[in-house]
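Report on one structure; see the data block that follows.
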Amino acid sequence: MMPNTKQPPNPTLKNDLLLRAARGEEVERPPVWLMRQAGRILPEYRAVRAAMGGFKDLVETPARASEVTIQPVDLLGVDAAIIFSDILVVPEAMGLPYELVEKVGPRFPEVLRNATDLDRLRKDVDPQVHLNYVLEAIRITKSDLKNRVPLIGFCGAPWTIFCYMVEGKGSKDWALPRRMLWEQPAFAHALLDAITDTSIAYLKAQVDAGVDLVQIFDSWAGVLSAELYEAFMMPHLRKICDALSPLVPVTMFAKGGGHLLPQLAGLSCQTLGLDWQTDPRKARSIVGEEKSLQGNLDPSILYAAPEVIRKKTLAMLSDFGGRRHIANLGHGVYPDVDPEHVKVFVETIKESA
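Structure follows, in structure tokens:
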């Protein structure tokens with residue numbers, strides 16, 4: 000049984016569709032937003048990023064991060080903003096800085112491989128100090144949004160953050176982090192504990208700064224078996240959801256996690272995000288009516304002609320059955336998608352009322 004959410008929807012929000020849908024309340028139509036909507040596809044974002052010099056510079060400059068957070072609300076007409084940041088700010092706050100190499104991805108100059116390495120981590124992460132630039136961006140964004148739409152905060156799931164802190168870069172199969180679970184389970188649990196505690200403090204600070212909903216991104220959930228996920232990840236996800244769900248609605252998104260739905264359904268979050276490889280009807284049969292579902296159009300469909308996008312979007316809405324649904328893609332929007340095609344997706348959802 001999910002705990003009651005203590006914080007009611009903000010009565011001053013002009014558009015509170017997302018919050019109502021997350022709580023299972025009646026809505027005129029599904030709300031719509033997109034993962035990675037802040038940036039990438041928008042020329043206006045690319046202009047701001049070029050002026051800043053780099054991705055991290057943009058993330059760490061609150062006024063500019065706020066500016067690109069709001070752009071999709073103005074330009075695409077989505078029903079929510081998601082703060083412009085990165086999941087890797089958490090390991091950096093813990094004492095493991097990262098670099099973002101253009102067209103390559105994140106790189107960690109130092110990695111963690113054993114229990115001794117844990118001593119290098121910061122033991123007293125204070126979001127108000129070590130992640131204040133994100134919190135300030137949230138405060139600016141809430142002011143500049145003028146209550147038009149909700150603001151989403153987020154963090155990476157402990158497993159995804161663990162992968163980067165151990166591997167030090169992207170990977171196709173994350174064999175090394177998976178190996179650590181078997182060979183050094185005590186080290187793995189200790190690091191996951193530290194990530195979890197930092198993430199809870201960070202998300203709570205985001206709520207205090209003004210976010211209306213939070214999402215947990217487990218980008219690499221799909222590489223783990225249900226057995227490993229239950230043993231190593233579910234205790235940490237339960238802890239995060241139990242800490243945040245009484246404060247604001249929580250969405251859990253596990254990419255490649257269709258096989259994990261029976262476990263994820265037991266979390267105290269209000270919404271489960273689905274990737275495009277998961278059948279919404281099957282997901283609903285597993286999850287039941289207790290939770291909202293989010294997703295899950297294949298992002299590649301946005302390369303198609305507008306009439307195809309409309310057809311596929313309407314089919315997606317039908318698959319979700321018109322109940323407890325937050326419309327989104329099954330993962331982040333691809334950077335070379337035409338923004339006009341994204342608008343077709345958004346407008347099709349909005350016209351479904």
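First residue of the sequence shown: 0, per numbering that gives the first Met the number 0; consecutive thereafter.
Here a beta-carbon is modelled for each residue, glycine too, at the ideal position from N, C-alpha and C.
Pick from the options: whose alpha carbon is nearest that of residue i?
i: H258; options: D241, Q293, F252 and A225; result: A225
i: S299; options: L260, D337 and T250; result: D337
i: I82; options: A92, A136, V47 and D125; result: A136
i: R22; options: I325, A49, Q36 and V341; result: I325
i: A253; options: A303, R45 and M34; result: M34
i: V103; options: S291, G221 and K168; result: K168
i: E289; options: D56, V307 and Q269; result: Q269
i: S291; options: T11, P30 and L12; result: P30
i: L190; options: G321, M232, L271 and P245; result: M232
i: D192; options: I239, G152, F153 and D211; result: I239
i: A114; options: P42, D196, V307 and A185; result: A185
i: D123; options: T60, T197 and P108; result: T197
What are the start and end residues of the alpha helix (DSSP H) that includes residue i?
i: Q293; result: No alpha helix (DSSP H) contains Q293, which is instead part of the beta strand (DSSP E) from S291 to L296.
i: D192; result: P184 to A208
Near residue i, what residues of its chain come up, given a Cβ to Cβ distance below 7 Å and the 5 sequence neighbours on each side ignored?
i: T312; result: L296, F344, T347 and I348
i: P261; result: I285
i: I40; result: V332, P334, V336, P338 and V341
i: E387; result: The requested residue 387 does not occur in the structure, where the chain is confined to residues 0 to 352.
i: E229; result: Q262
i: T140; result: S65, T68, I69, A80, I82 and L150
i: A208; result: L134, I137 and R138
i: Y201; result: V89, P126, L130 and C154
i: P248; result: T4, L18, A21, R22, L212, Q269 and T270
i: R63; result: V47, M51 and L57
Residue i by DSSP, collapsed to three states: which one?
i: K168; result: strand
i: A326; result: strand
i: D241; result: helix
i: N3; result: Note that N3 scores 38 on pLDDT, short of 50, meaning its location in the model is unreliable; the coordinates nonetheless yield the value given after this. Here N3 sits in coil by DSSP.
i: C154; result: strand
i: V31; result: strand
i: Q262; result: helix
i: L223; result: coil
i: T347; result: helix
i: G257; result: helix
i: L271; result: strand
i: T11; result: coil
i: Y333; result: coil
i: T159; result: helix
i: P149; result: coil
i: A352; result: coil
Excluding sequence positions up to five away, which residues of its chain have a Cβ less than 8 Å from the Cβ of residue i?
i: D318; result: D278, P279 and R280
i: C162; result: S170, W173, P176 and W219
i: I194; result: V89, P90, M93, P157, I160, F161, M164 and H235
i: W275; result: G294, N295, L296, D297, P298, L328, G329 and H330
Can you list, in chain order, the residues of its chain with a C-beta nearer than 6 Å to that of residue i? Leave out the 5 residues immediately preceding and following it.
i: R19; result: V26
i: A187; result: M179 and L180
i: P305; result: V343
Kindly indicate if chain C contains any beta-carbon less than 9 Å away from that of residue i.
i: K145; result: Protein chain content of the structure displayed is limited to a single chain, and chain C is not contained in it.
What first and last residue would you give for the beta strand (DSSP E) that runs through residue i?
i: V128; result: Counting along the chain, V128 falls outside any beta strand (DSSP E), though it belongs to the alpha helix (DSSP H) covering P126 to H129.
i: D118; result: Run containing D118: none; DSSP gives neither H nor E here.
i: I215; result: L212 to D217
i: A253; result: V249 to A253
| field | In chain order, each beta strand (DSSP E) run of at least 3 residues that lies wholly inside the segment 33-107 | value | 98-100 and 104-106
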